[in-house]
Ligand SMILES: Cc1ncc(COP(=O)(O)O)c(C=O)c1O
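Residue numbers (the numbering used here): 4 to 393.
Rendered as structure tokens:
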């Protein structure tokens with residue numbers, strides 16, 4: 004089975020032996036605090052380091068006082084939704100968005116409404132129209148949830164020229180922006196784009212994570228909050244977690260302080276870039292002409308669009324029978340409907356395996372297009388032979 008489904012980070016560039024020694028030293032030397040309950044907001048050392056990290060994304064005015072360390076950014080999103088939303092309140096999102104966020108939003112019985120996007124991300128004019136139409140219909144819109152860099156699932160990045168505009172539109176309409184940015188430091192080339200929070204201090208709640216740049220197993224993320232929300236966040240966040248894990252925070256701090264983490268990250272990013280290139284090349288080689296896909300400049304994901312007649316949910320089991328897995332598009336849609344799109348992840352498996360996986364998937368897609376009456380049930384170019392097969 005080749006899984007192009009899960010967006011796991013590749014951990015092979017981590018210095019595991021040295022990290023093991025570091026964890027051992029933390030317990031041996033500071034075990035009385037590392038193994039104890041800690042402050043609900045997180046350690047001061049880590050919150051200060053997080054501020055330095057956010058400066059790399061253009062946020063230069065963050066104070067550790069306004070940072071809350073959380074159990075992954077997932078729990079930060081949960082707490083924000085708990086604070087801001089009553090059942091029935093509206094949350095705006097990109098057309099396709101992170102399914103873990105949709106799960107949280109549905110848990111709080113919110114009404115999630117997509118805003119139209121294109122290859123440059125959310126379209127500001129559409130955002131304005133949508134807000135007006137929803138507010139005219141009496142909806143209480145609480146926030147826009149947006150993944151500006153290398154969106155999960157589409158890989159699309161919100162264009163620099165749109166960022167301030169999106170934040171301003173929300174501010175004018177009295178709506179928070181929740182900027183979820185776990186992939187921002189995973190750019191393959193070119194300039195990093197400043198976070199929406201960089202120039203919009205009061206209206207943007209920024210979520211960050213160590214899951215994609217260090218380790219998802221440690222479950223350490225954070226929220227940078229507008230000052231009036233900090234106390235509420237700590238009280239309501241603490242009601243489900245009490246405090247973030249002290250030992251894990253200390254290990255993250257040690258990694259940022261004592262290791263050349265930027266070199267390890269650069270090695271991981273180079274691996275992701277190779278894998279992205281391998282996936283794009285395999286798609287080019289194998290997919291029929293009717294299929295298109297995004298070309299992300301970072302992150303983990305590529306988003307495929309098939310002919311409208313194909314429901315990608317129906318292809319999941321056919322693909323599993325052919326030993327390849329992917330996520331069907333409907334899983335990422337705020338409003339339940341069939342989807343002719345699907346997500347592929349290139350982050351977690353070697354380039355050669357990606358090529359085989361894409362080839363298997365192309366056969367499933369070609370068959371489906373053939374059955375749906377498409378006129379090109381053949382790959383665009385010669386797909387070659389699957390080396391896994393006789
Ligand atoms: C956009 C997005 N936000 C949040 C998360 C969850 O991150 P964490 O591990 O920090 O909870 C993910 C994980 O895949 C993600 O893709």
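Don't be surprised by glycine CBs; every beta carbon is placed ideally from N, CA and C.
Residue burial is scored here from C-beta neighbours: residue 160 has at least 16 other C-beta atoms within 10 angstroms and is therefore classed as buried.
Rounded to whole angstroms, the gap between the alpha carbons of residue 42 and residue 111 is 27 Å. Put simply, of 363, 292, 352 and 375 the residue whose alpha carbon is nearest the alpha carbon of residue 15 is 352.
In the DSSP assignment, residue 186 forms no beta bridge with any residue. Around the C-beta of residue 60, 16 or more other C-beta atoms lie within 10 Å, and the residue is accordingly described as buried. At a threshold of 7 Å, residue 101 counts as near ligand 1, since its beta carbon sits closer than that to one of the ligand's heavy atoms. Between ligand 1 and residue 208, a heavy atom-to-CB distance of less than 7 Å is absent. Restricting attention to 340, 354, 260 and 309, the CA atom closest to the CA of residue 373 is found in 309.
Residue 224 has its CB nearer than 7 Å to a heavy atom of ligand 1. For residue 127, the enclosing alpha helix (DSSP H) begins and ends at 127-139.
Approximately 7 Å separates the beta-carbon atoms of residue 222 and residue 251; this is inside 8 Å, confirming the contact. Going by DSSP, residue 348 is part of the beta strand (DSSP E) stretching over 344-348. Counting other Cβ atoms within 10 Å of its Cβ, residue 320 stays below 16 and is therefore classed as exposed.
Of all alpha-carbon atoms in 87, 131, 253 and 138, the one lying nearest the alpha-carbon of residue 179 is that of 87.
With a cutoff of 7 Å, residue 252 does not count as near ligand 1, since its C-beta is closer than that to no heavy atom of the ligand.
DSSP places residue 304 in the strand class (E or B) of the three-state scheme. In the DSSP assignment, residue 116 falls within the unbroken beta strand (DSSP E) covering 114-117. Pairing residue 207 with residue 196 gives a Cβ-Cβ distance that is not under 8 Å. When DSSP assignments are scanned along the segment 157-223, the uninterrupted stretches of beta strand (DSSP E) that are 3 or more residues long and fall wholly within it turn out to be 179-183 and 207-212. DSSP places residue 86 in the uninterrupted alpha helix (DSSP H) bounded by 75-87.
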